[in-house]
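This report refers to the structure that appears directly beneath it.
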Amino acid sequence: MLLCNNQHRFIPENAMSFEQLEETFGSKVIGIGTVAAILSPWDDPIYITRAWCVFELFTAFMNRDKGCKLELYLPNEQVGRMIAAVSSGEFDKVSETMSLIDISKAEASVAKDKENIMAMVQREGGEENLNNTVRKILREWIHETIDVTMEEIKSTSENTASNVKMARSYYKAGEIYLKEGLYEKALGYFEKCKNIEQEAFEKHKMDPLDSAKTLSNIGLVHDALGNYDTALTFYNECRIIQESELGSNNLSIATTYNNIATTYLHQGRFDKALELLEKCRVIQESIHVHNDLNLSNTYTNMGFAFESNGNYEKALEFLEKSKSIQYTVLGSQHPELAQTLSNIGVVKMRQGKFEEALTLLEECRMIQETTLGLNSTSLPMVYSNLASVHDALGNYPEAIVFFGKCIKIQESAFGPNHPTLATTYSNIGNLCIKTGNYKEALLSLFKCIHIQETAFGKDHPMLMTSISNVGVLLDKLGRHDTALDLYQRSKDIQESAFGKDHPDMVNIYNNMAVASVNLKRHEEALELYEKCRTIQESALGSNHPSLVNTYNSIISVLEYLGRDEEATKFRKQIQIFEEDFVPESSMLCNSIVFNPCS
26 MLLCNNQHRF IPENAMSFEQ LEETFGSKVI GIGTVAAILS PWDDPIYITR
76 AWCVFELFTA FMNRDKGCKL ELYLPNEQVG RMIAAVSSGE FDKVSETMSL
126 IDISKAEASV AKDKENIMAM VQREGGEENL NNTVRKILRE WIHETIDVTM
176 EEIKSTSENT ASNVKMARSY YKAGEIYLKE GLYEKALGYF EKCKNIEQEA
226 FEKHKMDPLD SAKTLSNIGL VHDALGNYDT ALTFYNECRI IQESELGSNN
276 LSIATTYNNI ATTYLHQGRF DKALELLEKC RVIQESIHVH NDLNLSNTYT
326 NMGFAFESNG NYEKALEFLE KSKSIQYTVL GSQHPELAQT LSNIGVVKMR
376 QGKFEEALTL LEECRMIQET TLGLNSTSLP MVYSNLASVH DALGNYPEAI
426 VFFGKCIKIQ ESAFGPNHPT LATTYSNIGN LCIKTGNYKE ALLSLFKCIH
476 IQETAFGKDH PMLMTSISNV GVLLDKLGRH DTALDLYQRS KDIQESAFGK
526 DHPDMVNIYN NMAVASVNLK RHEEALELYE KCRTIQESAL GSNHPSLVNT
576 YNSIISVLEY LGRDEEATKF RKQIQIFEED FVPESSMLCN SIVFNPCS
């Protein structure tokens, strides 16, 4: 049986009311059991611009438990166009189209129908719920269509030349899944591309530099998955090909140095990262004039490296260089300049200069909203950082508003399980802990963990922070032993990925120490605080202000143990630090987003 929804109706005097039409329409959709939606043209489907069609999708989706099926189709001519587009790298236009779905902009031939449909939408969970539901349906269809299209292209590849074309299609499919945060799927397609390229390379049928690009993207995926050593292996294979084909002083090599440096940063190997970024900078400065945007990107990443290492003044020095180039080349209202303003704001936050940070981040926000629109996927970065500043200033309602804006854009653009959402849920969870809303905090933190485990597996380094934050909450709720178990899992992940002396271990040891104090295990707590101190002094120097929190914690434990003389030594150490320093939180691990350049 076929339901024909022609989207055009006249209203005679005896026409049924909208309520009757709604009931009849819904019952017919359910009774027929299958909704077949024809999406044409493939890159801008008219179907999703019609209010009744969108509601038809929604009705089918909401009645899945009653056996209602939803099937999406392309006409044969559109399938051919899609295959051609994927082969030439244009398929991501569909994903961009999906992110712009907005039921409020869909049209109906009878104006009153749309008004009534919108009222109906509110009863069914609201406009944004419907938008997200339709996006989810179409996003799943996109992914299925990619896979089917790849098989279609594969079936026509009968010789080396067509196989090389197939490799390019696999490459573009991998890029799409990489953008969607579906790293395992991306890796599968990049690996298929690599295998074809390897065979073609041996037969001298392709440019080896194309193979280098594939190896680089495989490295990028492994970096995202936390497989840092594997990422470095592929980056270095890419580098060897580039050096063989181009020599050691070219921009492609500089890009690869940048990628390797990024992985070193993720491993906490800041000195190695800076060494490679310096090589990158030298190459770029020797080839380009000093107002080149590639050089600006390198300055940004050097700023990121220094910021990660706690050297905030050097970070600001390089970020200001990046800003100067961008201002000259792009002007004062460009989104890339806005990102640099955000990055400078992050460093100001790290320094405890929250009002300065707020000014910079607001400037970034205004530029991006004006130039990119209110639904841009660039906005969650600055919204998240603004939320973090308001959080630090105690403006919790404002922080919640900005985190909410992050969630709305991220879910609309990427779906409910994209890794970027995990960071936002983690930050919301931490904020809820501070405001005493522990139920909501647990809900948000477990959402974060679920997304990360789904995207990365159960042992990815990103889980370290999420698990630790759940431990903080349970410790506050008096479940100290359970908190310690979670901290131990977090510690095991961290040590496995980065080693025992990574600077991020400070937060874990600190949290374990707090739980130990709560359990009256003060000797254990003292040992853990000493581990914090050792790592901080090694990584940042013995006079770094971030040691204040650790010294104060050690003093507190020593006083409890009656070791006042030792406590006095640490009090004297604190006096050498600047009086206006604002210490960072040493328990909850908030994610402040510094935006490096790929």
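In this note's numbering, the protein residues as written are 26 to 623. Glycine included, every Cβ here is placed at the ideal spot set by N, Cα and C.
Could you have a look at Val135 and say whether DSSP puts it in helix, strand or coil?
In this structure, Val135 counts as coil in the three-state DSSP scheme.
Nearest candidate by alpha-carbon position, reference Ile518, set Ser541, Ile243 and Ser491
Relative to the Cα of Ile518, the nearest Cα in the group Ser541, Ile243 and Ser491 belongs to Ser491.
So Gly328 and Leu344 are in contact, right, with Cβ under 8 angstroms, and what is the actual spacing, rounded?
So it is a contact: roughly 4 angstroms between Cβ atoms.
On the DSSP bridge assignment, give the partners of Tyr260 in chain order.
As DSSP reads the structure, Tyr260 sits in no beta bridge.
DSSP state of Leu95, grouped into three classes?
In this structure, DSSP gives Leu95 an extended state, which the three-state scheme calls strand.
What is the rounded straight-line gap between the Cα of His247 and the Cα of Ala237?
C-alpha of His247 to C-alpha of Ala237: approximately 15 angstroms in a straight line.
Check Gly524 in the structure and name its three-state DSSP category.
The answer is coil: DSSP assigns Gly524 none of H, G, I, E or B.
Along the chain, where does the beta strand (DSSP E) containing Thr59 start, and where does it finish?
Per DSSP, Thr59 belongs to the beta strand (DSSP E) from Thr59 to Ile63.
Status (buried if at least 16 other CB within 10 Å, exposed otherwise) for Met406:
Its Cβ being crowded by 16 or more others within 10 Å, Met406 is buried.
Which word fits Gln45, buried or exposed, when buried means at least 16 other C-beta atoms lie within 10 angstroms of its C-beta?
Looking at its Cβ environment, which holds fewer than 16 other Cβ atoms inside 10 Å, Gln45 is exposed.
Round the Cβ separation of Leu82 and Ala62 to the nearest angstrom and send it over; I've been treating them as touching at under 8 angstroms.
With a Cβ gap of about 6 angstroms, Leu82 and Ala62 count as contacting.
Residue burial classification, Arg164 (beta-carbon count within 10 angstroms, cutoff 16):
In the assembly as shown, Arg164 is a buried residue. Its beta-carbon has 16 or more other beta-carbons within 10 Å.
Indicate the three-state DSSP secondary structure (helix, strand or coil) for Arg164 in the structure shown.
If DSSP states are grouped into helix, strand and coil, Arg164 belongs with the helices.
Contact check, Ala508 vs Gly496, beta carbons under 7 angstroms:
Taking 7 angstroms as the Cβ cut-off, Ala508 and Gly496 qualify as a contacting pair.
Restricting to Cα atoms, I'd like to know which of Pro70, Glu102, Ala76 and Gly51 is closest to Met87.
The shortest Cα separation from Met87 among Pro70, Glu102, Ala76 and Gly51 belongs to Gly51.
For the ligand HEM, I want to know if Ser129 counts as a neighbour, meaning its beta carbon is within less than 6 angstroms of at least one of the ligand's heavy atoms.
Ligands displayed in this structure: none; no statement on the ligand HEM is therefore possible.
Rounded distance between the beta-carbons of Ile128 and Asn156, thought under 8 angstroms
Their Cβ separation, rounded to whole angstroms, is 6 angstroms, which keeps Asn156 and Ile128 in contact under 8 angstroms.
Relative to the alpha-carbon of Trp77, which residue among Ile142, Glu224, Glu549 and Pro360 has its alpha-carbon at the smallest distance?
Measuring from the Cα of Trp77, the nearest candidate turns out to be Ile142.
Neighbour-count burial assignment, Ala144, 16 or more Cβ in a 10 Å radius:
Classification for Ala144: exposed.
By the 10 Å Cβ neighbour count, where 16 or more other Cβ atoms means buried, how is Gln292 classified, buried or exposed?
Result: buried.
Looking only at its chain, what residues have a beta carbon closer than 6 angstroms to the beta carbon of Ala522, apart from the 5 residues adjacent to it on each side?
Correct list, in chain order: Pro486.
With distances taken from CA atoms, which of Val582, Ala198 and Phe379 is nearest Val173?
Nearest in C-alpha terms to Val173, of all of Val582, Ala198 and Phe379, is Ala198.
Taking the alpha-carbon positions, what's the Met537 to Leu499 distance?
Each residue's alpha carbon lies about 12 angstroms from the other.
What are the start and end residues of each continuous alpha helix (DSSP H) run of 4 or more residues lying completely inside the stretch 547-574, in chain order?
DSSP assignment within the stretch 547-574 yields the following whole alpha helix (DSSP H) runs of 4 residues or more, N-terminal first: 547-565.
Using the C-alpha atoms, what's the distance from Lys433 back to Thr445?
Distance between the alpha carbons of Thr445 and Lys433: 12 angstroms.
Where His415 falls, given that 16 or more other Cβ within 10 Å makes a residue buried:
Counting other Cβ atoms within 10 Å of its Cβ, His415 reaches 16 or more and is therefore classed as buried.
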